[in-house]
Structure formats: structure tokens, C-alpha cells
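Trainee: Please read through the structure below; I'll follow up with questions.
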């Protein structure tokens with residue numbers, strides 16, 4: 007566990023972020039292996055199906071994972087305030103609420119998978135059939151996916167980013183092995199890839215419970231001894247719901263963009279989804295530092311050390327920005343070779359290269375946007391990041407994609423990403439600099455303490 011309320015802010019944030027970064031590398035390898043295996047051993051239609059299905063899966067799970075983020079923030083604040091009994095109550099409530107919601111998402115997702123895929127203009131035939139098959143199997147494993155994220159969220163709130171890395175490493179290694187066995191050896195195609203995913207998530211989730219019960223004294227997970235605290239759930243929803251809604255807005259916007267992409271056929275879809283995997287890798291430093299900042303801000307607000315918050319955020323903005331500039335340059339230079347890992351189809355490769363040329367120069371804007379939003383969430387001010395994301399995605403990115411596509415052509419629509427990030431950054435940056443979030447931070451802390 008890392009106590010972030012004392013010591014050098016940048017060193018603490020970096021120390022927390024590095025295991026997260028390693029975990030994100032494993033997570034994206036985990037996801038990327040699915041695409042590489044089906045792209046090379048099944049075909050571009052299978053690659054398009056896997057990428058196409060991710061958007062809907064994220065849409066239906068994002069709201070509940072946002073609530074989980076709210077609980078993680080509460081845990082970090084209780085940890086900073088040295089209130090261990092409140093941590094246990096939050097853990098119990100988090101498990102009960104999210105595991106029940108995971109079962110609900112499984113049922114809903116299986117029934118609405120095909121209608122949503124048709125709504126996204128997924129090409130009829132084998133691409134649609136494989137998309138439905140892949141997505142329905144993924145939904146069968148929603149409880150395991152939620153469970154893994156619950157385990158990670160608990161530990162991150164306590165300042166531990168190394169154990170989540172262990173849980174993820176287990177899932178990633180098992181997923182790679184099963185992908186190769188199910189797809190290459192058995193020839194099960196997208197069915198095998200999806201099955202490998204849920205088996206590896208289930209094993210990692212159950213191992214995580216066993217490990218925490220044995221080695222993490224603050225947390226003991228037992229279904230028979232769990233206590234549900236409605237006030238904790240309400241507080242978690244109040245903090246995390248805006249983040250969940252933000253993710254849903256992102257998913258809805260992505261679905262609308264995916265519909266436009268799908269209109270150009272499987273090769274364009276495959277190129278677009280392959281860039282999504284590369285983008286996920288490039289995004290890892292931003293995501294890792296943002297998660298670290300959320301925990302850092304939460305702990306220091308719990309300890310009522312507001313001056314440390316500003317120092318940590320400022321240092322992280324600089325560090326993350328420099329890393330983004332370096333990564334963006336490398337991705338642009340080696341973009342064609344990166345795309346060739348997914349497919350040898352020239353149209354797929356060309357689509358990806360053109361997308362990367364328009365996406366990566368704007369990455370430094372995304373970095374600043376995410377760090378500001380992470381700091382605001384850690385302070386309990388979640389509405390502003392939601393507003394920022396709605397403006398970025400629904401007001402700018404989606405309409406601009408259709409406008410640029412109709413006026414300048416299919417490749418130019420990709421500039422909508424950078425313009426949308428700039429709009430969101432303007433909103434979040436101004437609000438953070440204004441300092442109005444400080445009052446909200448203390449209100450959140452007092453409300454949580456008052457429910458004890």
C-alpha cells in the first residue's frame with residue numbers, strides 16, 4: 007500500500023502509475039492478441055467483428071463500472087482519513103451491488119446484441135454473424151469482468167497498484183495460451199477468442215479473491231459475512247454515476263461513428279478497429295497517470311492536504327505530456343509496420359496509417375484532458391468531467407466526423423478526435439484552474455464521514 011499523503015508528489019504518483027502502466031500493457035496485449043490471432047488466422051471479417059463488438063460491450067458495462075469508480079474514490083478517501091471500518095463497509099457494498107448488476111447486464115446484453123449491431127450498420131452475412139456470436143459470449147462473462155475490476159478498484163483505492171498487475175498478468179498469459187489453442191489448434195474462430203477471454207477473466211477474478219483474503223488484512227471477502235450499506239451505495243453512485251454516464255456518452259458517440267465507418271465495408275472497419283488497439287497502447291501512459299492522480303487526490307483530500315493536490319496535478323500534467331509527444335512521434339513513424347501486425351490486406355493497412363496520421367498529433371490534448379478530469383473525480387467533482395465529455399464527443403466529435411466525411415472524404419473525418427479533445431480540455435482546464443472544485447471536495451469528504 008502507498009500512503010500518498012506524505013513524500014514527493016511526482017515520485018509517489020510515478021511509483022503508483024508504473025505498475026498500472028505495466029498492467030495496461032498486459033491488458034492491451036490481452037485485447038490485441040485477440041485481434042492479431044483472428045486477423046491472421048481467420049480473416050479481415052473476423053477482425054472487423056471483434057473490433058465492432060467492443061463498442062456495444064463497453065456501452066452496457068460502462069455505467070456500472072463508473073459506480074465502481076465512485077467506490078474506489080471513497081476507499082481512497084477513507085484510507086487517507088485512516089477509517090478502516092468504513093473501507094470494509096465500502097468493499098462489501100461494492101461487491102453486492104456490482105455482482106448483481108453484472109448478472110443483469112449479462113441477460114440484457116445477450117438479448118439486445120444483434121439489434122444493436124444491426125443499428126450500427128454492421129454488414130450482413132459473416133461479419134454480422136460473427137459479431138453477434140462474439141458479443142453474446144462476452145456478455146456471459148460480465149460477472150467475471152466486473153469482479154476483476156472490483157478487485158483492482160479496491161486495491162487501487164488502498165494505494166496498491168502492484169497486486170492488480172499480478173491478477174491481470176494471470177489473465178493475460180492464460181488468454182494468450184487459450185487463444186492459440188482454441189483458434190489455431192481447434193479452429194474455433196471468434197467463438198474460441200471470446201471463450202478464451204471469459205475463462206481467463208474468471209480465473210483471475212477467483213484467484214484475486216483468494217489472494218486478497220489471504221494477504222490483504224484490510225479486506226476480507228466473504229459472501230456470508232457481507233454487509234450492505236445503502237448510504238455507501240448512494241454515495242458511490244453520486245460520485246461515480248457521472249463517470250459511468252460519461253463512459254456511456256463515449257460509447258454512444260463511438261457507436262454512431264462506428265456506423266459511419268461500417269458503411270465503407272469490412273476492410274475499412276478492420277483498419278479502424280486495428281488503430282483502436284494501437285491507440286489503446288499509446289493511451290496507456292495517460293490512463294495510468296490519470297488513475298494514479300485520482301487516488302493521489304482522493305487520499306490527500308481525505309487527509310485535508312489541499313496544497314499537495316495542486317503540486318501533484320501540475321507535475322503529472324508535465325510528465326504525461328512529454329511522454330505523449332514521444333509516443334505520438336514513434337507511432338506516426340512506425341505506423342505502417344504496426345498495422346502489418348494485424349493484417350496483410352493493403353486497404354486495411356492504408357486505412358490505419360491514414361487514421362494514425364490524423365490522430366496522434368493531437369494526443370497531448372487528450373493527456374491534459376484526462377489528467378484534469380482525473381483530479382476532479384478524485385476530489386468528488388464528477389459532473390464537470392461528464393459535461394466536458396458530452397461536449398467533446400456529442401457536440402464536436404460525432405457531428406464533425408459526418409461533416410468532414412461528406413465535405414473532405416473518409417480519411418479527413420478522423421480530425422474530429424483532436425478537435426473534440428480540445429473542446430473538452432477547454433472546459434475541464436478552466437474549471438480546475440478556477441479552484442471551484444475545492445469546495446466540492448470538502449463537501450464530499452464530510453458527507454462520507456457523516457454516514458459513518
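Numbering (the numbering used here), first residue to last: 7 to 458.
Idealized CB from N, CA, C, for every residue including glycine.
Note that the structure is a prediction, hence the values are computed from the model and not measured.
#1: Counting along the chain, where does the alpha helix (DSSP H) carrying residue 132 start and finish?
#2: Tell me whether residue 303 sits in a helix, a strand or coil according to DSSP, three-state version.
#3: Tell me which residues share the same chain as residue 103 and place their Cβ nearer than 6 Å to its Cβ, disregarding the 5 neighbours each side in the sequence.
#4: Only counting the same chain, and skipping five residues up and downstream in sequence, which positions put a Cβ closer than 7 Å to that of residue 128?
#5: Pick out whichever of 327, 421, 249 has its Cα sitting closest to the Cα of residue 390.
#6: Go to residue 350, then tell me how far its alpha helix (DSSP H) extends in each direction, as first and last residue.
#7: Thinking C-beta only, is residue 427 closer than 9 Å to residue 410?
#8: Using 8 Å for Cβ pairs, my map puts residue 318 next to residue 83. What's the rounded Cβ distance?
#9: In three-state DSSP terms, what is residue 177?
#10: Excluding five sequence neighbours on each side, which residues of the same chain lie with their C-beta closer than 7 Å to the C-beta of residue 323?
#11: Apart from the five residues on each side of it in sequence, which residues of its chain come closer than 6 Å, Cβ to Cβ, to residue 243?
#12: Excluding the 5 residues preceding and the 5 following residue 329 in the sequence, name in chain order all residues of the same chain whose CB lies nearer than 7 Å to its CB.
#13: Would you give the residue range spanned by the alpha helix (DSSP H) that residue 338 belongs to?
#14: Around the Cβ of residue 272, are there at least 16 other Cβ atoms within 10 angstroms (buried) or fewer (exposed)?
#15: Could you check what DSSP says for residue 271 in three-state terms: helix, strand or coil?
#16: Rounding to the nearest angstrom, what Cα-Cα distance links residue 388 and residue 188 in this structure?
#17: Whose CA, out of 91, 99, 166, lies closest to the CA of residue 233?
#18: Could you tell me the distance, in whole angstroms, from the CA atom of residue 357 to the CA atom of residue 53?
#19: From the DSSP output, in three-state form, read off residue 233 for me.
#20: Under 8 Å, with one C-beta from each stretch per pair, do the segment 209 to 229 and the segment 346 to 364 reach the 3-pair mark?
#21: Under the rule that 16 or more other beta-carbon atoms within 10 Å means buried, what is residue 288, buried or exposed?
#22: State the Cα-Cα distance for the pair residue 381 and residue 190, rounded to the nearest angstrom.
#23: To the nearest angstrom, how far is it from the Cα of residue 49 to the Cα of residue 62?
#24: Sorted by chain position, which residues of the same chain lie with C-beta nearer than 8 Å to residue 406's C-beta, five sequence neighbours on each side aside?
#25: Report buried or exposed for residue 314, applying the criterion of at least 16 other Cβ atoms within 10 angstroms of its Cβ.
#26: Might you give, ordered along the chain, the residues of its own chain that have their beta carbon closer than 6 Å to the beta carbon of residue 302, omitting 5 neighbours on each side?
#27: Report the option in 440, 299, 93, 400 whose CA atom is closest to the CA atom of residue 167.
#28: Which residue from 35, 177, 235, 297 puts its Cα closest to that of residue 78?
#29: Does DSSP put residue 12 in a helix, a strand or coil?
#30: Can you name the start and end residues of the alpha helix (DSSP H) that residue 54 belongs to?
#31: Is it true that the CB of residue 258 sits closer than 9 Å to the CB of residue 400?
#32: Quick one: what does DSSP say residue 403 is sitting in, helix, strand or coil?
#33: Do residue 270 and residue 361 have their CB atoms nearer than 9 Å?
#34: What are the start and end residues of the alpha helix (DSSP H) that includes residue 207?
#35: Measuring CB to CB, does residue 284 end up less than 9 Å from residue 163?
Mentor: The short version:
#1: Position 126 of the chain shown, counted from the start, is the residue given in the question as residue 132. Run containing residue 132: 132 to 146, per the alpha helix (DSSP H) assignment.
#2: Your numbering for residue 303 matches position 297 in the chain shown. Helix, per DSSP.
#3: Here the question's residue 103 lines up with position 97 in the chain shown. Only 239 meet the Cβ criterion.
#4: Within the chain shown, the letter at position 122 stands for residue 128. So the qualifying residues of the chain are 58, 134, 137, 268.
#5: Reading the chain shown from its first residue, position 384 is the one you call residue 390. Out of 327, 421, 249, 249 has the C-alpha closest to the C-alpha of residue 390.
#6: Along the chain shown, one-based indexing puts residue 350 at 344. Residue 350 -> no alpha helix (DSSP H), and no H or E assigned at all.
#7: Taking the chain shown and counting its residues from 1, the one referred to as residue 410 is at position 404. Taking the chain shown and counting its residues from 1, the one referred to as residue 427 is at position 421. Cβ atoms of residue 410 and residue 427: not closer than 9 Å.
#8: Locating residue 318 in the chain shown gives position 312, where the first residue counts as 1. Locating residue 83 in the chain shown gives position 77, where the first residue counts as 1. With a Cβ gap of about 15 Å, residue 318 and residue 83 do not count as contacting.
#9: Along the chain shown, one-based indexing puts residue 177 at 171. The answer is helix: DSSP assigns residue 177 an H, G or I state.
#10: If you number the chain shown from 1, residue 323 lands on position 317. The residues are 374, 377.
#11: Sequence index remark: in the chain shown, residue 243 carries index 237 (1-based). So the qualifying residues of the chain are 73.
#12: Sequence index remark: in the chain shown, residue 329 carries index 323 (1-based). So the list reads 291, once near-sequence residues are dropped.
#13: The count along the chain shown starts at 1 and reaches residue 338 at position 332. Here the alpha helix (DSSP H) through residue 338 covers 312 to 339.
#14: In the chain shown, counting from the first residue as 1, residue 272 sits at position 266. When all chains shown are included, residue 272 counts as buried.
#15: What you label residue 271 is simply residue 265 of the chain shown in a count that begins at 1. If DSSP states are grouped into helix, strand and coil, residue 271 belongs with coil.
#16: Along the chain shown, one-based indexing puts residue 388 at 382. Along the chain shown, one-based indexing puts residue 188 at 182. Each residue's alpha carbon lies about 42 Å from the other.
#17: In the chain shown, the residue the question calls residue 233 occupies position 227. Here the closest residue by C-alpha is 99.
#18: Numbered from 1 along the chain shown, position 351 holds the residue referred to as residue 357. Numbered from 1 along the chain shown, position 47 holds the residue referred to as residue 53. Near 14 Å, if we compare the C-alpha coordinates of residue 53 and residue 357.
#19: Working through the chain shown from its first residue, we reach residue 233 at position 227. Three-state DSSP puts residue 233 in coil, outside helix and strand.
#20: no
#21: Numbered from 1 along the chain shown, position 282 holds the residue referred to as residue 288. Counting Cβ neighbours within 10 Å, residue 288 comes out buried, since at least 16 surround it.
#22: The count along the chain shown starts at 1 and reaches residue 381 at position 375. The count along the chain shown starts at 1 and reaches residue 190 at position 184. Near 44 Å, if we compare the C-alpha coordinates of residue 190 and residue 381.
#23: For the purposes of this step, residue 49 is taken as residue 43 along the chain shown, with counting starting at 1. For the purposes of this step, residue 62 is taken as residue 56 along the chain shown, with counting starting at 1. Cα-Cα distance, rounded: 21 Å.
#24: As a position in the chain shown, residue 406 is number 400, starting the count at 1. Only 419, 421, 422, 425, 426 meet the Cβ criterion.
#25: Within the chain shown, the letter at position 308 stands for residue 314. Residue 314 is buried by the Cβ-count criterion.
#26: One-based indexing of the chain shown puts residue 302 at position 296. Once the five neighbours on either side are set aside, the close Cβ partners of residue 302 are 10, 19, 318.
#27: Stepping through the chain shown from its first residue, residue 167 is reached at position 161. That would be 299, whose Cα lies nearest to the Cα of residue 167.
#28: Within the chain shown, numbered from 1, the residue matching residue 78 stands at position 72. It is 297 whose Cα lies nearest to the Cα of residue 78.
#29: If you number the chain shown from 1, residue 12 lands on position 6. The answer is coil: DSSP assigns residue 12 none of H, G, I, E or B.
#30: Mapped onto the chain shown, residue 54 falls at position 48. Segment 50 to 86, the alpha helix (DSSP H) holding residue 54.
#31: In the chain shown, residue 400 corresponds to position 394, counting from 1. In the chain shown, residue 258 corresponds to position 252, counting from 1. Taking 9 Å as the Cβ cut-off, residue 400 and residue 258 qualify as a contacting pair.
#32: What you label residue 403 is simply residue 397 of the chain shown in a count that begins at 1. Residue 403 falls in the helix class under three-state DSSP.
#33: Indexing the chain shown from 1 puts residue 270 at position 264. Indexing the chain shown from 1 puts residue 361 at position 355. Cβ distance not < 9 Å, so residue 270 and residue 361 don't count as in contact.
#34: To locate residue 207, count along the chain shown from 1; it is residue 201. Where residue 207 is concerned, the enclosing alpha helix (DSSP H) stretches over 195 to 221.
#35: Translated into positions along the chain shown, residue 284 becomes position 278. Translated into positions along the chain shown, residue 163 becomes position 157. Cβ distance not < 9 Å, so residue 284 and residue 163 don't count as in contact.
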